[in-house]
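First comes the structure, then the notes that go with it.
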Amino acid sequence: MSINLKDELYRGVVTENPIFRIVLGMCPTLATSTSATNAFGMGISVIAVLICSNMVISMLRNIIPGKVRIPAFIVVIATFVTVVDLLIAAFLPSLYEALGIFIPLIVVNCIILGRAEAYAAKNPVLPSIIDGLVMGIGFTASLTLLGSMREFLSSGMIFGYLIAPFKHQFILMILAPGAFITLGLTLAFINFLQSKES
Amino acid sequence: MMKKGNSDLKLLVVLTLFSAISGLLLALVNNVTKDRIEMVKVEKQKKALQEVVAPFDTVETQTLLNDALDPFEAFICKKQGNVTGIAVKLSSRLLSSDEMKKLNISEPFKQDQAYADSIKMLVGFSSDGKINGISILEHKETPGLGSNMKNKSFMDNYSNVPLDDKKWKVKKDGGDVEQLTAATITSRAVTSSVAKAIQIYKNQAKTLNLK
Amino acid sequence: MLSSLLSLLIVSAIFNNVIMAQFLGTCPFLGVSKSIETASGMGLAVIFVMVLANIITYFVQALLVWANVAYLQTLAFILVIAALVQMVEIILKKISPGLYKALGIYLPLITTNCAVLGIALLAVKKNYSLIESIVYSFATALGFLIAIVLFAGVREQLRFSKIPRSMEGFPIALITTGIMALAFMGFAGFKLPF
Chain A
83 MSINLKDELY
93 RGVVTENPIF
103 RIVLGMCPTL
113 ATSTSATNAF
123 GMGISVIAVL
133 ICSNMVISML
143 RNIIPGKVRI
153 PAFIVVIATF
163 VTVVDLLIAA
173 FLPSLYEALG
183 IFIPLIVVNC
193 IILGRAEAYA
203 AKNPVLPSII
213 DGLVMGIGFT
223 ASLTLLGSMR
233 EFLSSGMIFG
243 YLIAPFKHQF
253 ILMILAPGAF
263 ITLGLTLAFI
273 NFLQSKES
Chain L
66 MMKKGNSDLK
76 LLVVLTLFSA
86 ISGLLLALVN
96 NVTKDRIEMV
106 KVEKQKKALQ
116 EVVAPFDTVE
126 TQTLLNDALD
136 PFEAFICKKQ
146 GNVTGIAVKL
156 SSRLLSSDEM
166 KKLNISEPFK
176 QDQAYADSIK
186 MLVGFSSDGK
196 INGISILEHK
206 ETPGLGSNMK
216 NKSFMDNYSN
226 VPLDDKKWKV
236 KKDGGDVEQL
246 TAATITSRAV
256 TSSVAKAIQI
266 YKNQAKTLNL
276 K
Chain F
157 MLSSLLSLLI
167 VSAIFNNVIM
177 AQFLGTCPFL
187 GVSKSIETAS
197 GMGLAVIFVM
207 VLANIITYFV
217 QALLVWANVA
227 YLQTLAFILV
237 IAALVQMVEI
247 ILKKISPGLY
257 KALGIYLPLI
267 TTNCAVLGIA
277 LLAVKKNYSL
287 IESIVYSFAT
297 ALGFLIAIVL
307 FAGVREQLRF
317 SKIPRSMEGF
327 PIALITTGIM
337 ALAFMGFAGF
347 KLPF
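What follows is the structure, encoded as structure tokens:
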């Protein structure tokens, strides 16, 4: 069975984009998209967990009895989340402080459990790894996009570099209402693009 | 009946095995990272102190108020055995009269609270009776208003000033501290906390027989 | 003591509302708020699970610290919550099959409700005593109930409004939530008289 990497990437980033199309994982999306850097950091962590958990769950898919598969998946995911948590605390302390409790909350990110249930539990190891990778990339890309928008609107910067012609402050964008409204308008725009296509 | 009991047992065994394996993996990773995590914490503390006191080689930490989330501490910084500076870690939260007694701060003392929650700060003093500066560690003040307490213009109120040179209250209350525009509550909270820190420093200085 | 608990209650339920200010629990918030009835059912279920979860995780945390394995916190907590939700499902099926059916798939989804795990973790971080943790979790879940029922009320009304095609569904829901969050921001800096 041949895997077309380009097709898979298109699936993860566009057609089955976890944030914009399937609308999963709202909590971390709204909370960590305060800046492009935070969003990117969260995205990378999710990719790491997705790949590892998809891989292990796929390897064990014929051993895990059906009745306990959800608790078993949770154990696998929680283990990798803790590993990522400890590694970030040790080697990337500023990211650790920026993401706070949202790192352990990756464990309840519906995307990871969703992919485990929908894909990794039914497919061989290599396709599962690829699936984890492309879904994670889709998540990271969308999250970073949102983070960049909010950071730009609130202070004219992206990744800490001043892009706008002048420095300004529109704090609302980094606060709660800004998160909801930005995501809502972005989703509406994407819906609009979709309807234009068809 | 026998069959169901068997398969339930199998489920339990599988889950337990799982948990055991993951527990082992986590113990391994924890072992590898815990020293590094501890080091990060110590580095962070050292960097915070270096911002507000003169260079030092050793620090002695004293817990003044033992609170799990918001301990008040004094850091006695020494270079080659001599005290070069003292930093006080405290917050703007309202202290009870018992706590004020423990800190040896004479009442009556007007405690001003922050706009939201409490402001945690580190106040640095040099051993010759000057306030070096303050470092705001944590706060929940309004972005764009109270958060401007971190700006140089406000921080300069506390930058390298001999303690007896100023009246440590905001100008609105008859003191010498230049308050923030439209953020009097935040300014009062910071000033009130610094006043507490000054008292704590003076007590420390007396015990250590400084200037 | 009582006044500090009362202020904890009000702050956690309203000023620091779990959805409007902390973003925890947004998935079920957006998913189960189409009608006031299901919204209140979900809210009540969340109160039940959250308070019980906080009580149990309080003791679990003490155990983890005693055994010097604090890094197992995430794993232990989520397993406790998963087991708790499983139990609630069984009980609800027996006591109120109607509600059980109405909540449908959203009941097991309480396991992945970031609010439940999040609040359990935060209670540990803030070093709350058992009583404080109970008040904290109850108040937070109450805030969730208030937010979700308010939101469901708005959504029921939205059904009669004309909405541009692209905005239908999640977009309008999110923007409405944003405006509600804006309203809740008015509580910042509110000092309770006790």
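Residue numbers (our numbering), protein chains in the order written: chain A, 83 to 280; chain L, 66 to 276; chain F, 157 to 350.
Backbone N, C-alpha and C define an ideal beta-carbon position, used for all residues, glycine too.
- In the structure shown, the three-state DSSP call for Q127 (chain L) is strand.
- If you check the CB distance, I101 (chain A) and S224 (chain A) come in under 8 Å.
- For F190 (chain L), DSSP records a beta bridge to L:I151 and L:I196.
- In the three-state reduction of the DSSP assignment, F300 (chain F) falls in the helix class.
- Taking 8 Å as the cut-off, the beta carbon of I151 (chain L) is found closer than this to the beta carbon of Q269 (chain L).
- In chain order, A133 and L134 make up the part of chain L whose C-beta sits under 8 Å from the C-beta of N283 (chain F).
- For G266 (chain A), the chain F residues whose C-beta falls within less than 9 Å of its own C-beta are M323, F326, P327, I328, A329, L330, I331, T332, T333 and G334, listed in chain order.
- Residue environment: W222 (chain F) is assigned as exposed (fewer than 16 neighbouring CB atoms within 10 Å of its CB, all protein chains considered).
- Under DSSP, A139 (chain L) takes part in a beta bridge, and its partners are L:Q127 and L:V153.
- Between the C-alpha atoms of K281 (chain F) and V131 (chain A) there is a straight-line separation of about 24 Å.
- Between the alpha carbons of N95 (chain L) and L275 (chain A) lies a gap of roughly 47 Å.
- The Cβ neighbour count for H250 (chain A), taken over all protein chains shown within 10 Å, is under 16; the residue is labelled exposed.
- The beta-bridge partner set that DSSP reports for E243 (chain L) is empty.
- Cβ-Cβ distances below 8 Å link V148 (chain L) to I141, C142, S192, L273 and L275 in the same chain, with the five nearest sequence neighbours on each side left out; the list follows chain order.
- The beta carbon of I170 (chain A) sits no closer than 8 Å to any beta carbon of chain F.
- Residue contact with chain L for L161 (chain F): absent (no Cβ-Cβ distance below 8 Å to any residue of chain L).
- If the five residues before and after K215 (chain L) are omitted, its C-beta is found closer than 6 Å to the C-beta atoms of I201, all from its own chain and listed in chain order.
- Distance from the CA of Q110 (chain L) to the CA of A308 (chain F), rounded to the nearest whole angstrom, comes to 47 Å.
- Per DSSP, E98 (chain A) is not a residue of any alpha helix (DSSP H), being assigned neither H nor E.
- Among the CB atoms of chain A, none fall inside 8 Å of the CB of F300 (chain F).
- Approximately 3 Å separates the beta-carbon atoms of F262 (chain A) and G334 (chain F); this is inside 8 Å, confirming the contact.
- Taken in chain order, the whole alpha helix (DSSP H) runs of length 4 or more contained in the stretch 219-272 of chain L number zero.
- Bounds of any alpha helix (DSSP H) do not take in I145 (chain A), whose DSSP letter is neither H nor E.
- DSSP places I319 (chain F) outside both helix and strand once states are collapsed to three, so it counts as coil.
- Interface annotation for the stretch 215-248 of chain F against chain A: Y227, L228, Q229, T230, L231, A232, F233, I234, L235, I237, A238, A239 and Q242, criterion Cβ-Cβ distance under 9 Å.
- The residue among L:S87, L:V235, L:L155 and L:D163 with its C-alpha nearest the C-alpha of A262 (chain L) is L:L155.
- Rounded to the nearest whole angstrom, the C-alpha separation of A195 (chain F) and T230 (chain F) is 28 Å.
- Taken through DSSP and simplified to helix, strand or coil, L210 (chain L) comes out as coil.
- With fewer than 16 neighbouring CB atoms inside 10 Å of its own CB, A218 (chain F) falls in the exposed class.
- Here K166 (chain L) is exposed: its Cβ has fewer than 16 other Cβ atoms, across all protein chains shown, within 10 Å.
- Taking 8 Å as the cut-off, the beta carbon of L168 (chain L) is found no closer than this to the beta carbon of F190 (chain L).
- At least one beta carbon of chain A lies nearer than 8 Å to the beta carbon of N95 (chain L).
- Put simply, the CB of F83 (chain L) is near chain A, with a gap under 8 Å to one of its CB atoms.
- For Q217 (chain F), the enclosing alpha helix (DSSP H) starts and ends at I192 to W222.
- Within a 10 Å sphere around the beta-carbon of N283 (chain F) sit fewer than 16 other beta-carbons, which makes this residue exposed.
- Straight across, the Cα-Cα distance linking F346 (chain F) with I203 (chain F) is about 25 Å.
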